Amino acid sequence: AAKYNYSVEYTGVGTLKDSDPAVGFATQIAIFRDLRPDDKPLLSDFGSYGHIDQVVFPIYDEPDKSTSEILEVIHYYMKFLCNPVVSELEGQRKKNCIKIDYLWDIHRIRQLCKTRDKLLEILDSSADFTLLNADEVLAHIEYKLDSPKNENDEHDWHTNDSSEVESNWNADDNDSEWYYDYRNDDLENGKWSYEDTFSGDSQHLQSNWDN
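Under full-length UniProt numbering, think of the first position of the sequence shown as 1, with each following residue one higher.
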């Protein structure tokens, strides 16, 4: 660049190590600028390139969040970390004792805390947590997962204007049957009746349609 009278600037994703351009970036870009552009004729009749836009990496550029806002996010994820879907073997993990790496592996927490040390600092600042060491944190909150709504709740069997339900169920009778007779359904001006017979003994479902 110096030989041909150009300046050079290195940029990209990442930070230079000790400002040494030889190390480069994770994604490296070198920008060369002619220091004497007026001394050379244009190579194209269409004119020179114009600067359109500039993207500054990393793309994440949200303003810094307060400690309380970050703690709110940490509590959200701790709810799941303290209630794993697959239970670990008894004795392998203390209750509500979570590895810092589990939190640090969460992308959103990395965005907010920027560094692992910042995450430790925020955890240590809250009375809800105790840092056992640099690798583990103990939560003093009993986290509860919200029970998922039963999608079938609104579809429980019931009697209404369009259906009749006759139940002959007996808890001690394995031959109990249920009958559902839909007498008010019209399909293409034709009357339809539908009866399901369920036998608790054979676990067999029969459906009969009559036009």
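Where is the CB? At the ideal position from N, CA and C, for every residue including glycine. Small disclaimer: the values here were computed from a predicted structure and weren't measured.
Residue i burial status per 10 Å Cβ neighbour count (16 or more: buried)
i, result
"asparagine 174", "Low per-residue confidence applies at asparagine 174: pLDDT is 46, beneath 50, and the placement is therefore not dependable, though the value from the model is reported in the following sentence. With fewer than 16 other Cβ atoms within 10 Å, it is exposed."
"cysteine 97", "exposed"
"isoleucine 52", "exposed"
"isoleucine 31", "exposed"
"leucine 123", "buried"
"valine 85", "exposed"
"histidine 158", "With a pLDDT of 37 at histidine 158, under the threshold of 50, the modelled position of this residue cannot be trusted, and the question is left open."
"isoleucine 29", "exposed"
Contact with chain B by residue i, beta-carbon distance below 9 Å
i, result
"serine 68", "No chain B is present in this structure, which holds just one protein chain."
Pair within 9 Å by beta-carbon distance, residue i and residue j
i, j, result
"alanine 134", "isoleucine 106", "no"
"tryptophan 104", "leucine 119", "yes"
"glutamine 111", "glutamate 72", "no"
"serine 7", "leucine 35", "yes"
Residue range of the alpha helix (DSSP H) that includes residue i
i, result
"leucine 138", "Here leucine 138 belongs to no alpha helix (DSSP H); instead the beta strand (DSSP E) covers 136-139."
"lysine 79", "67-81"
"leucine 112", "107-113"
"leucine 123", "116-125"
Reference residue i; option with closest CA among the options
i, options, result
"phenylalanine 129", "His140, Tyr102, Glu121, Leu120", "His140"
"residue 212", "Asn5, Ile109, Asp64", "In the structure displayed, the chain extends from 1 to 211; residue 212 sits before or after that span and is not available."
"tyrosine 102", "Leu138, Ser125, Glu69", "Leu138"
"isoleucine 70", "Lys114, Arg33, Lys94", "Lys114"
Unbroken beta strand (DSSP E) run spanning residue i, endpoints
i, result
"isoleucine 98", "97-99"
"leucine 131", "129-131"
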